[in-house]
Amino acid sequence: NIWFKDLFSCGFSYRTNDAVSVMVEIPLGKKLSVGYAFDNTISNLQQVSAGTHEIMLGYNFTDEVQWKDPRRF
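Going by my numbering, the first residue of the sequence shown is number 3, and it counts up by one from there.
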């Protein structure tokens with residue numbers, strides 16, 4: 003994922019001959035975040051799958067930043 007000015011992050015995922023995914027995450031304060039992802043099947047299962055929608059909820063249990071992320075813009 004790539005963060006934009008600590009306002010939101012977005013990302014892309016590809017599983018070889020299986021699926022592609024796009025995702026977005028929004029922080030809700032310093033400890034809580036919410037996200038959404040859509041996963042679209044590109045394999046032969048595409049005929050019976052319309053993809054999946056995922057909603058994520060994240061919580062940071064620590065008070066300190068554990069690493070510096072060089073992908074923030």
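Glycine included, each C-beta is placed from N, C-alpha and C at the ideal position.
Residue closest to residue i, alpha-carbon to alpha-carbon, out of the options
{"i": "S35", "options": "A52, S45, V26", "result": "V26"}
{"i": "Y61", "options": "I4, N19, R17, G31", "result": "G31"}
{"i": "D8", "options": "T54, K33, Q48", "result": "K33"}
Local Cβ density within 10 Å of residue i, reported as buried at 16 or more and exposed below that
{"i": "G37", "result": "buried"}
{"i": "S15", "result": "exposed"}
Range covered by the beta strand (DSSP E) that runs through residue i
{"i": "A21", "result": "21-30"}
{"i": "I57", "result": "54-61"}
Residues bridged to residue i (per DSSP)
{"i": "L34", "result": "L30, Y61"}
{"i": "N42", "result": "V22"}
{"i": "S15", "result": "S23"}
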